[in-house]
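Protein chains in written order, with the working numbering: chain A, 110 to 666; chain B, 242 to 353.
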């Protein structure tokens, strides 16, 4: 609708169109020769370039994008005003059309306005009214033109930004995964949304046993989010390098230490820019078969358990990075076994919606993983993408679709390292003294500074408990059976494997410890679990049981 | 296993406990303690000789405690070495047995 001044056009001041270098073009369409001449005269005098047409057909032939305004009579032969108006609206939607009508047919003019006319004038003409209206319409037309130009420029800028963001994403945010490393296979997928999110991931080896994976999502979209994502990745590398170097040892900073340091270095900038990012930092220790995971508000990763064909979610405790009131970050420890799979993913997957607006969700994703965990990681990611696309009936998502699958090789863990110490004993309790002597021998081999006397005694108690359990339960007190103990040491830890060929230990029959003095047994497992840093137990297909206990030497968590 | 028994007034102090109290000798320890503590109601164990104790050792101490309690008595410990103290903490035995630094303190606790 035109401005308020047009509600009573007769009161408008007439503008003579003097400032325009190129006169605005006005097309007058009226079957009355007198009316045409009258309008042509007045409009020309006011400085407009006027062309005239005697009916709709002729008008359409004369009309071009350069036409600023059309004055259109409603009652004409050949093509009447309404039909002509419809054509103009279709072909030149931005040209304002002012309807000419006689005073007793105002209803028709109102109809015409409903069909997109700019306004109307009534016969007999009031020249001031007409000039005021035409001037308004010309201005509206020129503003629309300018808007279109700006719109075009904005689109170009947006397209450029999207392409820059896409470039950043491709070269910095989702760099290739290593394929296979230290007995773990990695596969990833990132399909960018229309506007590019700040999703990123990276995967690299740390030392000879560990693979670290970072997955994250920066709040916001486009170039700023993509650039911040790239900077975060770089920052993690710097921090890892910085924290590793000074100690000069082969031990590596823990994920929680790395995340806390990155947070410390970035928090000021994140606050200034009023942004934050969610993150998951995972370290797969292939020696201990242990995942250390720091979650900072990222989507909960799925852990597929090969042995039981079940899925669990890893639930972290930290807030996203950039949130106030948080400066230390805690990691969780998750043991895994050969064949297990971990899926890290962005909200684009679980929040994808179907036609009714229902989200895909964690449960559906877990069921899907259970059915497809046999696939190679990269194929699994592709399959997830197809599944989500078919669920939401689209391949044009509003969020990035990002997922990384990490699959542990099916080789037995004990085949991956060569033990340095062995002790073979028979299944009698008077061998316990030899077991404790063996522990001293192994620990002393590492040097006094690595394991002190107090620690050795605690390792001895774990060894005593495990050996006693094997003699009493696995071999049911039968004497003369073999027990083999192997120890593997590194500057970071000592790992003991206790092997027996007796009955598999059934954890469900182990009594729960009672601490009120009413029971005198059931403390063994409790002592082991609270003394060793990491405990695993499994039985081979050939009937050998392994109890594996690990002690960290520099308590890195 | 030969435990020593010192008796001062009504208090029985058991000394010469083995250096290691584990699954190998826990049963023997239980038998010996049950025998020696017959009818005793104020009992103190000198733990200073025990340098290593496992969960079976804990079980043996609990058996001794229950035996004394059944006769309406009380069992206390003193001179607990570091490894044994750590195990006692792990299985929360400090909640059911009073532990003292010295023999004197343990003895005095019966008088108060």
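Cβ atoms here follow ideal geometry from the backbone N, Cα and C, with glycine treated the same way.
Item                                                                                                                                                                                           : Value
Establish whether the CB of residue 331 of chain B and some CB of chain A are separated by less than 8 angstroms.                                                                              : yes
By a C-beta neighbour count over all protein chains shown, 10 Å radius and 16 as the cutoff for buried, is residue 165 of chain A buried or exposed?                                           : buried
Taking contact to mean at least 3 C-beta pairs separated by less than 8 angstroms, is the region 275 to 292 of chain B in contact with the region 307 to 324 of chain B?                       : yes
Are the region 621 to 633 of chain A and the region 295 to 308 of chain B touching by the rule of at least three beta carbon pairs closer than 8 angstroms?                                    : yes
Could you give the distance in angstroms between the alpha-carbon of residue 275 of chain A and the alpha-carbon of residue 301 of chain A?                                                    : 8 angstroms
Determine, using beta carbons only, whether residue 299 of chain B and residue 328 of chain B come nearer to each other than 8 angstroms.                                                      : yes
Who are the neighbours of residue 630 of chain A on chain B, taking C-beta pairs under 7 angstroms?                                                                                            : 300
In the DSSP output, what is residue 248 of chain B paired with across the bridge?                                                                                                              : B:253
Which of helix, strand or coil does DSSP assign to residue 153 of chain A?                                                                                                                     : helix
Can you give me the start and stop residues for the alpha helix (DSSP H) that residue 257 of chain A sits inside?                                                                              : 236 to 277
Using 8 angstroms as the threshold, is the region 193 to 206 of chain A in touch with the region 168 to 181 of chain A, meaning 3 or more CB pairs across them?                                : yes
For the region 550 to 573 of chain A, which residues have a CB atom closer than 8 angstroms to at least one CB atom of chain C, in sequence order?                                             : Judged by its chain identifiers, the structure shown contains no chain C, and its protein chains are A and B.
With DSSP as the reference, label residue 498 of chain A as helix, strand or coil.                                                                                                             : helix
Exposed or buried, which one is residue 245 of chain B when buried takes at least 16 other CB atoms within 10 Å?                                                                               : exposed
In chain order, what residues of the same chain lie with their CB nearer than 7 angstroms to the CB of residue 353 of chain A, ignoring the 5 residues before and after it?                    : 361, 362
Is the separation between the beta-carbon of residue 602 of chain A and that of residue 660 of chain A shorter than 8 angstroms?                                                               : yes
Looking only at its own chain, which residues have a Cβ that is under 6 angstroms from the Cβ of residue 475 of chain A, when we skip the five neighbours before and after it?                 : 411, 420
Suppose only complete runs of 4+ residues qualify. What are the alpha helix (DSSP H) ranges in the region 500 to 570 of chain A, listed by chain order?                                        : 541 to 555
For the region 465 to 479 of chain A and the region 423 to 442 of chain A, state whether three or more C-beta atom pairs, one from each stretch, are separated by less than 8 angstroms.       : no
Looking at the C-beta of residue 273 of chain B, does it have a partner C-beta in chain A at a distance below 8 angstroms?                                                                     : no
Take every Cβ of the region 318 to 332 of chain A, pair it with every Cβ of the region 510 to 517 of chain A, and state whether three or more of those distances are shorter than 8 angstroms. : yes
I'd like to know if residue 323 of chain B contacts chain A, where contact means its C-beta is closer than 8 angstroms to some C-beta of that chain.                                           : yes
Okay, do the region 396 to 404 of chain A and the region 456 to 474 of chain A touch, 3+ Cβ pairs below 8 angstroms being the bar?                                                             : no
Exposed or buried, which one is residue 369 of chain A when buried takes at least 16 other CB atoms within 10 Å?                                                                               : buried
With H, G and I counted as helix, E and B as strand and the rest as coil, what does DSSP make of residue 177 of chain A?                                                                       : strand
Note down, in chain order, every chain A residue with its Cβ under 9 angstroms from the Cβ of residue 337 of chain B.                                                                          : 624, 625, 626
Tell me residue 597 of chain A's beta-bridge partners as DSSP assigns them.                                                                                                                    : A:604
Give, in chain order, every unbroken run of the beta strand (DSSP E) that is at least 3 residues long and sits entirely within the region 314 to 380 of chain A.                               : 319 to 330
Measuring only the C-alpha atoms, how far is residue 137 of chain A from residue 220 of chain A?                                                                                               : 20 angstroms
Strictly under 8 angstroms for the Cβ-Cβ distance: is residue 575 of chain A near chain B by that measure?                                                                                     : no
If you measure from the beta carbon of residue 539 of chain A to each beta carbon in chain B, is any gap under 8 angstroms?                                                                    : yes
According to DSSP, which residues form a beta bridge with residue 294 of chain B?                                                                                                              : B:262
Going by alpha carbons, who is nearest to residue 347 of chain A out of A:374, A:333, A:216?                                                                                                   : A:374
Under 8 angstroms, Cβ to Cβ, is there at least one residue of chain B near residue 81 of chain A?                                                                                              : What is shown of chain A runs 110 to 666, which leaves residue 81 of chain A out entirely.
Which residues in the same chain as residue 324 of chain B place their Cβ atom closer than 8 angstroms to its Cβ, once the five residues preceding and following it in sequence are excluded?  : 292, 293, 294
Can you list the residues of chain A that residue 293 of chain B reaches, using a CB-CB cut of under 9 angstroms?                                                                              : 545, 566, 569, 570, 573
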